[in-house]
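Comments concern the structure below.
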Amino acid sequence: MVIWQSFDSPTNILLSEGHLGFNTITGKNVTLERDSCSIPLGTSDYSLSLDTTRRRGFIIQQGGDGGLTFIGSFPRWMDIHEDGDYGLTFNDAHTYIYLNGSGFVRFAKQGECDSILWSAPESSCDFDSYCGPYGLCTRSGSCICPDGFEQAPLAGKGCLRVGILNFKSCSYTKEDVAFFPIDGIHKFPDYSYSLEVKNIKECEASCLRDCACTAFAYNITCLLWFQELRNTVLLDSISNGSRIYVRTAMNQQTPSSRFSSLKEVIVLSVLGVIALVVGLILLCRCRRKLMKARTVDLNGGLIVFSFAQIKNSTKNFSEKLGEGGFGYVFKGTMPISTTVAVKMLKGLGQGDKLFRTEVQTIGMIQHTNLVRLLGFCADGTRRLLVYEYMLNGSLNSHLFCSSSAKLSWELRYRVALGTARGLAYLHEECKDCIVHCDMKPDNILLGEQFCPKIADFGMAKILGREFSKALTTMRGTIGYLAPEWISGLPITHKVDVYSYGMMLLEIISGRRNSEKIKEGKFTYFPIYAAVKVNEGDIMCLLDSSLEGNADAEQLKRACRVACWCIQDAEDHRPMMGQVVHMMEGVMDVEVPPVPRSLQNYVGMEDSYSADLDSF
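Everything in the sequence shown is counted per full-length UniProt numbering, starting at 1 for the first residue and increasing by one.
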């Protein structure tokens, strides 16, 4: 009988087979924290504990209640056994987890220096209220105060106003307050409210009218804050990013200088009554608008546009960017010259279903490699979606249209990797698993610097974490459909992996998988590719327009990954998180077998050719 073992009382390192969370055998809650003897005097250390409210969730906390906290989740590609709500066991024999003195948790390979496979948080700014009230956190993790504020005497207590500003009284006017701009905002403070206004002046006036308003920002819509500003993050350069205006106090005049005569008092009283009446009218209008406004998260949120606004921004839908079975896409310009793409959905029945699916999926999440939904319009039978504008169009146009510039191998690999990261986020990092169901080059949009963003979530399927499969109607595009779609079996997120593999073959070759080819006995490119990858002959798969200009190691990895993704059995396909690590070079990629369905296809082609020869 084991009375005690080191795994039951780890310090800040957890090795393979280590357990985090409640141990049902010993009755102890296992956490990670450094030995108290190694903590410098006068400092409080960080601890990492299990968060049972989130799948694979954890909490990093400094010095118990009241200290800094960060809430995150271990990625799904990590080899972790989940013991219900009790705990997690880490199974990978070649890795370990450790919590450093700055509160960062690392996942690294054993026996290799600087072999960090994953880390959280990304920066100190991700800790809740790291710089305190009104503090500005730079990407390097340092804290500064905005104009009109000074550092609080106690460390970690944020910034204090230099002047006096009484938020419990509305007696001051525009002459009593000032809005100091802060440029280079990477992440807005928490808990903003969205309000539809025409311009920045109306936004400023809305904040000025409400004595509880502490700051405002204007970017397509008006954002207002009504409490202390926390978790504001700055970019390294103020020339980029957004701007926020923080309310501060001006030097106030003495009452005697304002009311020097009875006449002035009478005039001001009359003006005050008039202002009160006008204020009540404006308040009623403002309340109606606020009823329509949506509470948004710290990064903005969805804006409800009127049809007139969208019609005006698109100049009566004059510049069409494209069209498809879903409807039409138009180019528009919102206030402050923000270019957007407006998707007008066709048909009230199917169009309304696509509309609701897009809003429920992409509208609630944000990622570098997912197109950002800015807002929507639901006016009668009209359904419109407003997206950020993608400067370089779709991946499809660059791969298959002769009028577009061909992508270099470096850009192709970057696009493939970015797309994989976006899918991994949808499958493994969101609260619910989101299956895109229609991965193809048409739905990969390219922004500035050709950064790929996954778009068109109208066919997406949301799977709760408690459900691993779903039986649903077939959806997607022929040429990218996984075998389980065809056979009518329940689907998982692995259908996206299959589609990604097919798309990756097109990125490598610059040709459509559905087009017939003449390569010896082969007429279907995926068959040809799978056989050649299995034989180790990969240069023949590269787009001929690149003239062999490709990194040989990257090409080998991409070809092998693509062929692993299109395996018949979904269990044989990798997770998208694993695809990311294989493409990054973190994981080795073995030679994949030729999928059985493609082997049968080859047999059919051989038989067909033999019949033709005998004929």
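Cβ coordinates follow ideal geometry from the N, Cα and C atoms, glycine included. Please read all numbers here as calculations on a predicted model, not as lab measurements.
Nearest residue (CA-CA) to residue i, options the options
{"i": "Asp92", "options": "Phe107, Ser124, Ile244", "result": "Phe107"}
{"i": "Glu204", "options": "Val177, Pro75, Phe188", "result": "Val177"}
{"i": "Ala424", "options": "His367, Val586, Glu410, Arg372", "result": "His367"}
{"i": "Arg412", "options": "Ile566, Leu445, Ile508, Ile59", "result": "Ile508"}
{"i": "Gly72", "options": "Glu428, Val329, Asp496, Gly536", "result": "Glu428"}
{"i": "Met583", "options": "Leu370, Ala416, Ile281, Phe450", "result": "Ala416"}
{"i": "Gly156", "options": "Leu136, Met439, Gly458", "result": "Leu136"}
{"i": "Arg372", "options": "Asp438, Phe457, Asp379", "result": "Phe457"}
{"i": "Ser192", "options": "Tyr524, Phe226, Phe179, Cys207", "result": "Phe226"}
{"i": "Ser16", "options": "Thr52, Pro75, Ser499, His81", "result": "His81"}
{"i": "Glu202", "options": "Thr214, Ala212, Cys211, Leu223", "result": "Leu223"}
{"i": "Glu448", "options": "Asp442, Gly393, Ile462", "result": "Gly393"}
{"i": "Ala552", "options": "Leu463, Glu410, Ile454", "result": "Glu410"}
{"i": "Leu321", "options": "Asp442, Val278, His436, Gly363", "result": "Asp442"}
{"i": "Leu117", "options": "His94, Val359, Ala215", "result": "His94"}
{"i": "Ser313", "options": "Ala212, Lys198, Gly380, Lys353", "result": "Lys198"}
{"i": "Leu463", "options": "Ser487, Cys430, Ile454", "result": "Cys430"}
{"i": "Gly327", "options": "Phe317, Arg209, Lys346, Lys315", "result": "Lys346"}
{"i": "Leu481", "options": "Cys211, Leu555, His436, Gln62", "result": "His436"}
Residue i vs residue j beta-carbon contact at 8 Å
{"i": "Thr357", "j": "Ala460", "result": "yes"}
{"i": "Ser129", "j": "Arg139", "result": "no"}
{"i": "Pro592", "j": "Val497", "result": "no"}
{"i": "Ser219", "j": "Pro189", "result": "Going by the sequence as given, residue 219 is Asn instead of Ser. Not in contact: Asn219 and Pro189 (Cβ atoms no closer than 8 Å)."}
{"i": "Leu88", "j": "Arg54", "result": "no"}
{"i": "Pro526", "j": "Ile478", "result": "no"}
{"i": "Leu395", "j": "Ile444", "result": "yes"}
{"i": "Arg475", "j": "Asp432", "result": "no"}
{"i": "Ile538", "j": "Cys563", "result": "no"}
{"i": "Asn29", "j": "Gly18", "result": "no"}
{"i": "Met344", "j": "Phe330", "result": "yes"}
{"i": "Gly375", "j": "Leu302", "result": "yes"}
{"i": "Met576", "j": "Ala420", "result": "yes"}
{"i": "Leu229", "j": "Thr214", "result": "yes"}
Counted within 10 angstroms of its Cβ, other Cβ atoms place residue i as buried (16 or more) or exposed
{"i": "Ile491", "result": "buried"}
{"i": "Cys401", "result": "exposed"}
{"i": "Glu506", "result": "buried"}
{"i": "His581", "result": "buried"}
{"i": "Val531", "result": "buried"}
{"i": "Leu41", "result": "Unreliable placement is indicated for Leu41, whose pLDDT of 43 sits below 50; the coordinate value is still reported in the next sentence. It counts as exposed."}
{"i": "Pro452", "result": "buried"}
{"i": "Ala405", "result": "exposed"}
{"i": "Lys494", "result": "buried"}
{"i": "Ile274", "result": "exposed"}
{"i": "Cys131", "result": "buried"}
{"i": "Arg76", "result": "buried"}
{"i": "Asn513", "result": "buried"}
{"i": "Ser9", "result": "exposed"}
One or two residues paired with residue i in a DSSP bridge
{"i": "His19", "result": "Thr89"}
{"i": "Met334", "result": "Thr338"}
{"i": "Phe58", "result": "Leu50, Gly72"}
{"i": "Val497", "result": "None; Val497 has no bridge partner."}
{"i": "Glu150", "result": "Leu160"}
{"i": "Tyr134", "result": "None, per the DSSP bridge assignment."}
{"i": "Glu388", "result": "Val340"}
{"i": "Leu234", "result": "Thr138, Ile185"}
{"i": "Ile116", "result": "Ala108"}
{"i": "Gly375", "result": "Ile303, Val386"}
{"i": "His81", "result": "Thr89"}
{"i": "Val177", "result": "Ala249"}
Cβ shell of residue i (< 7 Å), same chain only, five flanking positions each side left out
{"i": "Gly510", "result": "Leu399, Asp543, Ser545"}
{"i": "Leu160", "result": "Phe149, Glu150, Ala152"}
{"i": "Pro181", "result": "Arg243, Tyr245"}
{"i": "Asp126", "result": "Phe70"}
{"i": "Thr43", "result": "Any reading at Thr43 needs caution, since the residue's pLDDT is 47, under 50, leaving its predicted position unreliable; the model's value is listed next. Same-chain partners within the cutoff: there are none."}
Other residues of its chain near residue i: CB distance less than 8 Å, five sequence neighbours each side excluded
{"i": "Glu33", "result": "Thr11, Asn12, Asp45, Tyr46, Ser47, Leu48, Leu99"}
{"i": "Asp568", "result": "Pro483, Pro595, Arg596, Ser597"}
{"i": "Gly536", "result": "Val591"}
{"i": "Phe58", "result": "Leu20, Leu48, Ser49, Leu50, Asp51, Ile71, Gly72, Ser73, Phe74, Val105"}
{"i": "Leu14", "result": "Leu20, Leu32, Phe90, Tyr96, Ile97, Tyr98"}
6 Å Cβ shell around residue i - same chain, five flanking residues per side excluded
{"i": "Leu407", "result": "His398"}
{"i": "Gly241", "result": "Gly184, Ile185, His186, Leu235"}
{"i": "Cys377", "result": "Phe305, Phe307, Ile310, Leu384"}
{"i": "Cys145", "result": "Gln151, Cys159"}
{"i": "Tyr389", "result": "Thr339, Val340, Ala341"}
{"i": "Asp79", "result": "Asn91, Asp92"}
Closer than 8 Å to chain C by CB, residue i
{"i": "Tyr191", "result": "This model lacks chain C altogether, as it is built from one protein chain only."}
Residue i: CB within 7 Å of a non-hydrogen atom of the ligand MG
{"i": "Ile507", "result": "By its list of ligands, the structure shown contains no ligand whatsoever, and the ligand MG lies outside what it can speak to."}
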